Amino acid sequence: MDGHRSRKLDLEFVDTTTCSSRRLTTSPGHRPASLEDLPEDLLHGVVSRLTVKEAGRTSALSSRWRNRWTYHLNLCFDGTCSDLAGYDAGRLVDHVTTVLQRHSRLVVVDRFELRSPLLGKEHAHHLDRWFAFVASAKARHVTLDLSPPYYEHCVVASPNKYRLPESQLVGIESLLLGHVCLELPPVPDGSQLLGFRALKKLELRFVADLGDLAPFIASCPALEWLSISRSSISHFVVPHQARCLRYLRVDCPGVESIHLNATSLTTFEYVGYPSVPIKTNEALKLSQASILLYRFVDNVGYFWDGLSCCLAPVDRLLLSLAMDAKTTTFTKTPTKFIHLRHLTLFCTVFEDPKSALDILRLTQILESAPQLEHLVLHMDSSDPRASVLKTRDCVHPHVHHHLKTVQMTGVVGLSGQLELAKYILLSAHVLEFMTLSLATIRYRPMKSMSDYNYFTKLEKFAKNYLDPRRVYRDVLKIVGRVM
580 MDGHRSRKLD LEFVDTTTCS SRRLTTSPGH RPASLEDLPE DLLHGVVSRL TVKEAGRTSA
640 LSSRWRNRWT YHLNLCFDGT CSDLAGYDAG RLVDHVTTVL QRHSRLVVVD RFELRSPLLG
700 KEHAHHLDRW FAFVASAKAR HVTLDLSPPY YEHCVVASPN KYRLPESQLV GIESLLLGHV
760 CLELPPVPDG SQLLGFRALK KLELRFVADL GDLAPFIASC PALEWLSISR SSISHFVVPH
820 QARCLRYLRV DCPGVESIHL NATSLTTFEY VGYPSVPIKT NEALKLSQAS ILLYRFVDNV
880 GYFWDGLSCC LAPVDRLLLS LAMDAKTTTF TKTPTKFIHL RHLTLFCTVF EDPKSALDIL
940 RLTQILESAP QLEHLVLHMD SSDPRASVLK TRDCVHPHVH HHLKTVQMTG VVGLSGQLEL
1000 AKYILLSAHV LEFMTLSLAT IRYRPMKSMS DYNYFTKLEK FAKNYLDPRR VYRDVLKIVG
1060 RVM
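Here the working numbering is used: the first residue of the sequence shown is 580, the next is one more, and so on.
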């Protein structure tokens, strides 16, 4: 770039009639329009949309641009997938330190992000200094994610984790912490931790030494969104002081109990074992829920006995269940889901059931949701196909006045699968369409002729059983023989 070009960057536009790029011209006696003619606030806006490294390169444009990057509002250092991905730990430390040292102290930083699997406890003195900068710059949105590759997360309480000083988190609105230790100070009864009154969003991933989070949550009166995953916590309590909390996600294998006292909660997501008691305040009125249970044993009973009461108010529900081929008992007094309209169900069936009643236990959920309009059912099985294609005369329809759309996937001809589809066809009086997708072999390519012949036979068998007279030809669609 020559001297003239380094001082003034001419704007160009595209002529819509000739599609050729031309230099913006001005009247005689006037210099060409330049990028530097833009208003100061607009120039700052341009810089703020660049990465820190890209913004730093603008200092070569002219003397006026030399320090403009130091007013960057978003300081994001991503050592995992950005132009910093090739840096080793030492070079990354030098880069971050240099940027923060030269950054203007006159600017309130909007966002500070640091993501790198290379940093840990041995870099504590650098991390402490950087977080001191974050505190002095009054950053509103902060991310510190030191997570290594996922497979290395087998031990949550890693001795190499950086211990984050709680005193540096003052005034933050959103905070994401990954693979660190966060030891919060004890809080006397009736008092609050200072500095967290502005916190609205908190995400903790692989965080150790959490202890009792209830006092901390109570000290965050503005908290609206909370996600805790793979972190060390035994008994999780959301106190009633969390009056603004709307969203909660818990995915901690070590959790032993969950108690939700916040009545403002509208969305709840849980990933874990089907043995964890979940208690809720009677005034809690969830509208959406996602329950993904580890599918090691039959957990249908846990759904009815341990979850159904707190899920009764939901309008949308995503649920994963596992069914033992030997269990055929139905729940005697199922909870009514009188508000449920959208249900997505993932169901794993262990082996080929001996009785169709095993899978037909799902009909209790449909009968307990009289307002249900949309059903998506994804089925999976350890057996890729049924040993014998046959159906049993055990379908007893229950009139459903609102079910409009149904999508079933993973149908391999197991006992009870086609009977469940028949039950839905006969029960849903306002059904608009139903899709039945015959499963391909999920864990190996379906290349053999025997596979092809089996699913061809299954498709024909399903059509003859479900709609022998083609009464539902405008409603039912069976998708099969996917190679």
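For each residue, glycine too, the CB sits at the ideal point set by N, CA and C. What you are looking at is a predicted structure, and each value in this text was computed from that prediction instead of being measured.
- Query: Taking the alpha carbon of ALA797 as the point to measure from, which residue in LYS779, ILE812, SER808, SER813 has its own alpha carbon closest?
  - Reply: One-based indexing of the sequence shown puts residue 797 at position 218. Comparing Cα positions, the closest option is LYS779.
- For LYS780, three-class secondary structure by DSSP: On the sequence shown, position 201 is the one that residue 780 refers to. If DSSP states are grouped into helix, strand and coil, LYS780 belongs with the strands.
- Query: Under a three-way DSSP split, which group does ILE812 fall into?
  - Reply: Residue 812 sits at position 233 when you count from the first residue of the sequence shown. Coil at ILE812, not helix or strand.
- Apply the 10 Å Cβ neighbour rule to ALA664 and answer buried if 16 or more other Cβ atoms are within range, or exposed otherwise. Working through the sequence shown from its first residue, we reach residue 664 at position 85. With a 10 Å radius around the Cβ and a threshold of 16 neighbouring Cβ atoms, ALA664 comes out exposed.
- Query: Roughly how many angstroms lie between the CA atoms of GLY833 and SER811, to the nearest whole one?
  - Reply: Here residue 833 is taken as the residue at index 254 of the sequence shown, counted from 1. Here residue 811 is taken as the residue at index 232 of the sequence shown, counted from 1. C-alpha separation (whole angstroms): 7 Å.
- Item | For LYS700, the three-state DSSP class (helix, strand or coil) | Here residue 700 refers to the residue found at position 121 of the sequence shown. Three-state DSSP puts LYS700 in a helix.
- Where do the ends of the beta strand (DSSP E) carrying GLU752 lie? Start at 1 with the first residue of the sequence shown, and residue 752 comes out as number 173. First-last for GLU752: undefined, no H or E at that position.
- Message: Comparing C-alpha positions only, which one of ALA948, VAL713, SER813, HIS918 sits nearest to LEU754?
- Response: The residue you call residue 754 lines up with position 175 of the sequence shown. Selected option, being the one with the closest Cα: VAL713.
- For LEU1045, which of helix, strand or coil comes out of DSSP? Numbered from 1 along the sequence shown, position 466 holds the residue referred to as residue 1045. If DSSP states are grouped into helix, strand and coil, LEU1045 belongs with the helices.
- Roughly how many angstroms lie between the CA atoms of TYR1044 and ILE870, to the nearest whole one? Counted from its first residue, the sequence shown places residue 1044 at position 465. Counted from its first residue, the sequence shown places residue 870 at position 291. When rounded, the distance between both Cα atoms is 33 Å.
- Leaving out the 5 sequence neighbours to the left and right, which residues in its chain are closer than 6 Å to TYR1022 when beta-carbon positions are compared? Reading the sequence shown from its first residue, position 443 is the one you call residue 1022. Low confidence applies here, because TYR1022 scores a pLDDT of 43, under 50, leaving its location unreliable and the question unanswered by this model.
- Whole-angstrom Cβ separation of LEU805 and LEU827, contact assumed at under 8 Å? Reading the sequence shown from its first residue, position 226 is the one you call residue 805. Reading the sequence shown from its first residue, position 248 is the one you call residue 827. Their Cβ separation, rounded to whole angstroms, is 5 Å, which keeps LEU805 and LEU827 in contact under 8 Å.
- Query: Using the C-alpha atoms, what's the distance from ALA935 back to LYS1042?
  - Reply: What you label residue 1042 is simply residue 463 of the sequence shown in a count that begins at 1. What you label residue 935 is simply residue 356 of the sequence shown in a count that begins at 1. For the pair LYS1042 and ALA935, the Cα-to-Cα distance works out to about 18 Å.
- Whole beta strand (DSSP E) runs in the region 659-721 with 3 or more residues, listed along the chain? If we require 3 residues or more, the beta strand (DSSP E) runs fully inside the region 659-721 come out as 690-694.
- Task: Kindly list the residues whose CB is nearer than 6 Å to the CB of ALA868, restricted to its own chain and excluding five residues on each side of it in sequence; keep chain order.
- Result: Translated into positions along the sequence shown, residue 868 becomes position 289. Only PHE847, LEU890, VAL893, LEU896 meet the Cβ criterion.
- Message: Check whether the region 1030-1039 and the region 970-988 touch, using three or more Cβ-Cβ pairs below 8 Å as the test.
- Response: Cβ pair count under 8 Å is below three, so no.
- Inter-residue CB distance, PRO932 and SER994 (contact presumed, cutoff 8 Å): Locating residue 932 in the sequence shown gives position 353, counting from the first residue. Locating residue 994 in the sequence shown gives position 415, counting from the first residue. With a Cβ gap of about 5 Å, PRO932 and SER994 count as contacting.
- Straight-line gap, VAL678 to ALA668 (C-alpha atoms, nearest Å): Counting from 1 along the sequence shown, the entry for residue 678 is found at position 99. Counting from 1 along the sequence shown, the entry for residue 668 is found at position 89. The alpha-carbon atoms of VAL678 and ALA668 are separated by roughly 16 Å.
- Query: What three-state label does DSSP hand ILE550 in the structure shown?
  - Reply: Because the chain is modelled from 580 through 1062, residue 550 falls outside the range shown and cannot be assessed.
- Query: When we look at the beta-carbon of CYS660 and count the other beta-carbons within 10 Å, is it buried (16 or more) or exposed?
  - Reply: Walking along the sequence shown from the start, residue 660 turns up at place 81. Exposed, because fewer than 16 other Cβ atoms sit within 10 Å of the Cβ of CYS660.
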